Amino acid sequence: MNTTNAQAIKPTIVLVHGAFAESSSWNGVLTQLNEKGYSTVAVANPLRSVKSDADYVASILKSIEGPTVLVGHSYGGAVITNAVNGNENVKALVYVAAFAPDTGETAVELSGRYPGSTLGPALAPPVATPDGGKDLYIQQDKFHAQFAADVPAAAAQLMASTQRPITEAALNEASGTPAWQSIPSWFIYGDRDLNIPAAALSFMAERANSRETVVVSDASHVVMVSHPDVVAGLIEHAATAEWNS
């Protein structure tokens, strides 16, 4: 592949949100990327299971022509890790406060491997689903402090009201062969993340041989909402990199 020719065309940026969020969590980042001429797609992640969510994202990727940069937030990182499926158009992965699991690892195990996550006590009682599963939400009165502490209270309340649930099973589902073993990756996260401890995020970035890791001081789990300029900047670094170098 000729990286010079590849960079002549801006890649499409595909963004995958995580649990307790939805596509609008990328709005600040999307605004900046769109202004710079990037084509963007913010996927509505089903949040049902790692495999089915990854398969859904993979189907979207197959519909996009040309190079693609795949971005995941939180649980969305596990999804992008499994969604590439040999798609040669995916040139870079960007993990935004996100899981980058290895084969057999789960979100629950990774977030608990290091101290600091307070997500468990912040969850509401599970909601039973018709298929016998359980949907998880964050209690609305704890959402601001737990999930988005550096976001204005009014904006955090809107996020709490519009949060989308994830199945309990998805957070305990083993990941497959990781795309970060063969595709270059970039990482960004806040040092005050209460969902995934910063130590866990640092471990995953180092293990994936991150091309560039940005740690945002005092940032919460939704660093893309509170610091969209920094997140968009890192995505652009990934989008303009010589991917095969």
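In this note's numbering, the protein residues as written are -17 to 227.
Virtual Cβ for every residue (Gly too), placed ideally from N, Cα, C.
Just so we're clear, the structure is a prediction, and the values are computed from it rather than from any experiment.
DSSP three-state assignment for residue i, whether helix, strand or coil
i: Glu194; result: strand
i: Lys18; result: coil
i: Ala24; result: strand
i: Ala(-12); result: With a pLDDT of only 44 at Ala(-12), under the threshold of 50, the placement of this residue in the model should not be trusted, and no figure is reported.
i: Met(-17); result: Because the pLDDT at Met(-17) is just 34, under 50, the model does not fix this residue reliably, and the point stays unresolved.
i: Ala223; result: coil
i: Ala161; result: helix
Where the alpha helix (DSSP H) containing residue i begins and where it ends
i: Gly172; result: Not the alpha helix (DSSP H): Gly172 falls in the beta strand (DSSP E), residues Ser167 to Gly172.
i: Ile62; result: Tyr57 to Ala65
i: Ile46; result: Per DSSP, Ile46 belongs to no alpha helix (DSSP H) and is neither H nor E.
i: Pro147; result: Per DSSP, Pro147 belongs to no alpha helix (DSSP H) and is neither H nor E.
i: Glu4; result: Glu4 -> no alpha helix (DSSP H), and no H or E assigned at all.
i: Ala82; result: From DSSP, Ala82 is part of no alpha helix (DSSP H); its letter is neither H nor E.
Euclidean distance between Cα positions of residue i and residue j
i: Ala136; j: Gly68; result: 42 angstroms
i: Leu12; j: Gly54; result: 13 angstroms
i: Glu70; j: Asp123; result: 44 angstroms
i: His209; j: Ala201; result: 8 angstroms
i: Ala131; j: His203; result: 8 angstroms
i: Pro(-7); j: Leu153; result: 30 angstroms
i: Ala220; j: Asn9; result: 19 angstroms
i: Ala127; j: Gln139; result: 11 angstroms
Host beta strand (DSSP E) of residue i (start-end)
i: Thr144; result: Unbroken run through Thr144 is the alpha helix (DSSP H), Ala135 to Thr144; no beta strand (DSSP E).
i: Lys124; result: Where Lys124 is concerned, there is no enclosing beta strand (DSSP E), although the alpha helix (DSSP H) it sits in stretches over Gln122 to Phe129.
i: Asp117; result: Lys116 to Leu118
i: Val78; result: Val72 to Val78
i: Ile(-5); result: Thr(-6) to Val(-2)
Cβ neighbour criterion (16 or more within 10 Å) applied to residue i
i: Lys44; result: exposed
i: Leu73; result: The question names Leu, but residue 73 in the sequence shown is Lys. Under this definition Lys73 is a buried residue.
i: Thr149; result: buried
i: Asp35; result: buried
Handout entry: Cβ contact (3+ pairs, closer than 8 angstroms) linking the region 159 to 168 and the region 178 to 195
Key = yes
Exercise for the section: Please determine if the region 188 to 199 and the region 24 to 34 are in contact, where contact requires at least 3 C-beta pairs separated by less than 8 angstroms. Expected result: no
Handout entry: the region 96 to 113 touching the region 175 to 182, judged by at least three CB pairs closer than 8 angstroms
Key = yes
Practice task
Take every Cβ of the region 111 to 125, pair it with every Cβ of the region 74 to 93, and state whether three or more of those distances are shorter than 8 angstroms.
Solution key: no
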